[in-house]
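J.:
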Amino acid sequence: MPTRIFKSGNSLSVRIPKEMVPDDLPQDAEIEYKDGAWTIRPVHGRKLTGLGAKFRAFSPEFMAQGREAAPEVDREWPDQPAKAPHQRKRKA
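Those letters in the sequence shown? Residues 1291 to 1382, by this note's numbering.
Here it is as structure tokens:
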């Protein structure tokens, strides 16, 4: 079905014809541009229903000892952090 793409501020907007609007209009969508085609999909929110039951399914011994500490990683850090542009000396 033909539609219009138009500029809205610095973005582009797509007009979705009334005939294509579903009864259960999603609030959020994901758009992808691949191989010269746009694909728009609704984003279905993840629900936490049943999460409590999943946690209760763990045995009391599960991680009773905590978890093993990750080894410390020695990293090299610069002596002085880089200065932000507004902190640099200006040339006269």
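We put the beta carbon where it would ideally sit given N, CA and C, even for glycine.
On a predicted model such as this, the values are computed, not experimentally measured, just so you know.
1) What are the residues that DSSP puts in a beta bridge with GLU1320?
2) Quick check on DSSP: helix, strand or coil for ASP1302?
3) Excluding sequence positions up to five away, which residues of its chain have a Cβ less than 6 angstroms from the Cβ of SER1303?
4) Apart from the five residues just before and just after ASP1318, which ones in its own chain have a Cβ nearer than 6 angstroms to its Cβ?
5) Could you pull the start and end residues of the alpha helix (DSSP H) that PHE1345 belongs to?
6) Whole angstroms is fine: what's the gap from ALA1343's alpha carbon to PRO1350's?
T.: So, to answer that:
1) The residue you call residue 1320 lines up with position 30 of the sequence shown. DSSP lists ARG1331 as partners of GLU1320.
2) Translated into the one-based positions of the sequence shown, residue 1302 becomes position 12. With the sequence shown as reference, residue 1302 is identified as Leu, and Asp is not the correct amino acid for it. Correct three-state label for LEU1302: strand.
3) The residue given as residue 1303 occupies position 13 in the sequence shown. For SER1303, where only same-chain residues beyond five positions count, the Cβ hits under 6 angstroms are PHE1296.
4) Sequence index remark: in the sequence shown, residue 1318 carries index 28 (1-based). Closer than 6 angstroms at Cβ, skipping near neighbours: VAL1333.
5) Stepping through the sequence shown from its first residue, residue 1345 is reached at position 55. Note, PHE1345: alpha helix (DSSP H), 1341-1346.
6) Taking the sequence shown and counting its residues from 1, one reaches residue 1343 at position 53. Taking the sequence shown and counting its residues from 1, one reaches residue 1350 at position 60. Distance between the alpha carbons of ALA1343 and PRO1350 is about 14 angstroms.
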